[in-house]
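Comments concern the structure below.
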Amino acid sequence: MASITRQAPNMTSDELDWRQKSFCKDWDFKKKGDPWHPASESEIAARPGKNLCWSCPAREACLADALAHNEKHGIRGGFTATERSRYRK
Ligand code: SF4
3 MASITRQAPN MTSDELDWRQ KSFCKDWDFK KKGDPWHPAS ESEIAARPGK NLCWSCPARE
63 ACLADALAHN EKHGIRGGFT ATERSRYRK
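Taking the working numbering, the leading residue of the sequence shown gets 3, the next gets one more, and so forth.
In structure tokens:
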């Protein structure tokens, strides 16, 4: 999930704050791959990314951000895009 580490220039300080605490901020995507964007949303494929998220100190803020921005891709806050869509209904 490379996009989580990129910071848009118009971010507020609160947004920057939780991203600074995120577990994936310093993830070596080149060496370790991208567990936050698995090939499918099956439980087996998504489990590594979900497990990383559930140990992330920024998990709740990340999930709130993904829901607020209707993020349609990847695992955020420990949930796949399909799982997050259920929260919005
Ligand atoms: S909850 Fe997951 S996607 Fe969100 S910042 Fe943490 S590790 Fe990254």
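Glycine is no exception: its CB is placed at the ideal position from the N, C-alpha and C atoms. These numbers were taken from a predicted model, which means no experiment stands behind them.
- Excluding the 5 residues flanking it on each side, Asn72 has same chain C-beta neighbours closer than 8 Å at Arg90, in chain order.
- A direct Cα-to-Cα measurement between Arg49 and Ser42 gives close to 11 Å.
- Sixteen is the threshold: when 16 or more other Cβ atoms of the shown chains lie within 10 Å of the Cβ of Thr82, as they do, the residue is buried.
- Looking at the DSSP output, Arg78 bridges to Phe81.
- Arg49 has its Cβ no nearer than 6 Å to any heavy atom of the ligand SF4.
- For Asn53, the enclosing alpha helix (DSSP H) begins and ends at 45–56.
- Note that the C-beta distance between Lys23 and Ala66 is not below 7 Å.
- Collapsing the DSSP output to three states places Ala63 in a helix.
- With distances taken between CA atoms, Cys26 lies nearest to Asn53 out of Arg88, Lys74, Asn53.
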